[in-house]
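See below for the structure under consideration.
Numbering (the numbering used here), first residue to last: 12 to 157.
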């Protein structure tokens, strides 16, 4: 029996679905996202069908997680990726889940507390880090499933 040459590739991909689902990006921080009284009407994911204010969240402290920020997957106001949860991994060792509340062009721009958790307290020293990310269940960020 002759085995097609694509068989080893298919077998490898079926054994490692998590590896295939991760994407690469960078992450920076913005201390504005650490402000519990920051109004969600000031971020890209404010209102509209996919907005957070529409879901009754008014300020950052109303959200079920303090790890929030801008995501490269949020492109504009009322984006369907508003409220999505992403697992960001640094150095293949540490992972934090971040709730997308804003846009960030070409990178993640997250709360200082989230980047400090990810880098072992080195966010300000590093400024920007390379990360891998993947979309995870909204419940991983404390949000109800859509």
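Cβ coordinates follow ideal geometry from the N, Cα and C atoms, glycine included.
- A direct Cα-to-Cα measurement between residue 150 and residue 80 gives close to 17 Å.
- Residues 55, 114 of the same chain have their beta carbon placed closer than 8 Å to that of residue 87, with the five preceding and five following residues left out of the count.
- Taking the C-beta atoms as reference points, residue 69 is found nearer than 8 Å to residue 50.
- The distance from the Cβ of residue 97 to that of residue 130 is about 16 Å, inconsistent with a contact at the 8 Å cut-off.
- If you ignore the 5 residues before and after residue 105, its C-beta comes within less than 8 Å of the C-beta of 128, 129, 130, 131, all in its own chain and listed in chain order.
- For residue 89, there is no enclosing beta strand (DSSP E), as DSSP marks it with neither H nor E.
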